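Engineer: Heads up: the sequence shown begins at 37 in my numbering, then just goes up one per residue.
All residues carry an ideal CB built from backbone N, CA and C; glycine is no exception.
Just so it is clear, the structure is predicted and the values come from calculations on it, not from any experiment.
One structure, pasted below without further comment.
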Amino acid sequence: MSDTERGLFVAFDGPGGVGKSTTVAAVGHLLTTAGTAVHATTEPSRANLGEIARHGTETYTGMSLACLVAADRYHHIATEITPALERGDTVLCDRYVGSSLVLQRLDGIDPTTIWAINQHAITPDLTVVLTADPEVIHARLTARGTHSRFEKMPGSSRKEAALYEEAATFLEKVGYPTLIIDCTNRSPERVADIIVSRIGTLRRGTSGN
């Protein structure tokens with residue numbers, strides 16, 4: 037398959053409760069309606085490694101969890117993401133390297149180490165970092181119920197919001213095309229429209245090569 041036929045890889049990162057899953061679903065719907073082949077996925081993945089990481093955050097901490105998440109990521113890339121891209125699908129991934137740069141820091145791992153074990157992951161064509169006012173995120177988490185020990189940490193919404201800003205800056209420096217969207221006063225539909233517009237721009241640029 038030629039480079040021009042390769043699909044686009046879009047990663048979505050942001051604090052728990054910011055609306056990543058809702059946004060991925062909305063973007064996927066818009067793209068599919070427009071005739072684009074979409075492969076939506078998530079990290080940790082649904083493979084065995086991913087399920088261990090997903091359900092093991094109370095058991096595994098620090099470096100063991102960081103390496104487990106990274107191992108699942110590399111397996112995910114090899115067995116699911118890359119094949120979908122080679123088919124020409126647009127891959128929408130709910131959480132990617134940006135989330136590791138935040139959650140593993142909350143778990144006591146320094147950024148240099150986190151990047152060292154994740155730097156060989158393929159670079160997305162676009163990383164979308166969703167942000168929102170920490171109080172809004174906290175209210176959403178309270179209404180939804182927390183899903184992980186990271187979300188149960190005191191002040192987690194404020195800490196995550198600050199660290200995602202740092203992560204976005206870092207990812208841009210290492211060559212990740214990054215789109216930061218403040219979701220505080222934007223509807224999921226409006227957020228999805230912004231992202232789909234950027235994806236369209238990327239697709240036109242790719243097809244012109």
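Is it true that the segment 105-118 meets the segment 82-89, where meeting means three or more beta-carbon pairs spaced less than 8 Å apart?
Structural biologist: Enough Cβ pairs lie closer than 8 Å, so yes.
Engineer: Is His156 buried or exposed, if buried means 16 or more other CB atoms sit within 10 Å of its CB?
Structural biologist: Residue mapping note: residue 156 aligns to position 120 of the sequence shown, counting from 1. Looking at its Cβ environment, which holds fewer than 16 other Cβ atoms inside 10 Å, His156 is exposed.
Engineer: Buried or exposed: where does Lys209 fall if 16 or more other Cβ atoms within 10 Å of its Cβ makes it buried?
Structural biologist: As a first step, residue 209 is located in the sequence shown; it is residue number 173 there, counting from the start. The residue is exposed, with fewer than 16 neighbouring Cβ atoms inside 10 Å.
Engineer: Starting from the C-beta of Gly220, find all residues in its chain whose C-beta is less than 7 Å away, skip the five residues before and the five after it, and write them out in chain order.
Structural biologist: By one-based count along the sequence shown, residue 220 stands at place 184. Note that residue 220 corresponds to Thr in the displayed sequence, not to Gly. So the qualifying residues of the chain are Ala168, Asp169 and Val172.
Engineer: Looking at Val74: is its Cβ nearer than 8 Å to the Cβ of Leu67?
Structural biologist: The count along the sequence shown starts at 1 and reaches residue 74 at position 38. The count along the sequence shown starts at 1 and reaches residue 67 at position 31. Contact: yes.
Engineer: Could you check what DSSP says for Ile217 in three-state terms: helix, strand or coil?
Structural biologist: The sequence position of residue 217 within the sequence shown is 181, counting from 1. In the structure shown, Ile217 sits in a strand (DSSP, three-state: E or B).
Engineer: Using 10 angstroms around the beta-carbon of His174, count the other beta-carbons present and answer buried if the total reaches 16, otherwise exposed.
Structural biologist: For the purposes of this step, residue 174 is taken as residue 138 along the sequence shown, with counting starting at 1. Buried, since its Cβ has 16 or more Cβ neighbours within 10 Å.
Engineer: Does Ala83 come out as helix, strand or coil in the three-state DSSP assignment?
Structural biologist: To locate residue 83, count along the sequence shown from 1; it is residue 47. Here Ala83 sits in coil by DSSP.
Engineer: Check the DSSP bridge columns for Leu129 and list the partner residues they point to.
Structural biologist: The residue given as residue 129 occupies position 93 in the sequence shown. The sequence given here has Cys at residue 129, not Leu. DSSP output for Cys129 lists Ala47 and Thr77 as bridge partner(s).
Engineer: With H, G and I counted as helix, E and B as strand and the rest as coil, what does DSSP make of Thr205?
Structural biologist: The residue labelled residue 205 in the question sits at position 169 within the sequence shown. If DSSP states are grouped into helix, strand and coil, Thr205 belongs with the helices.
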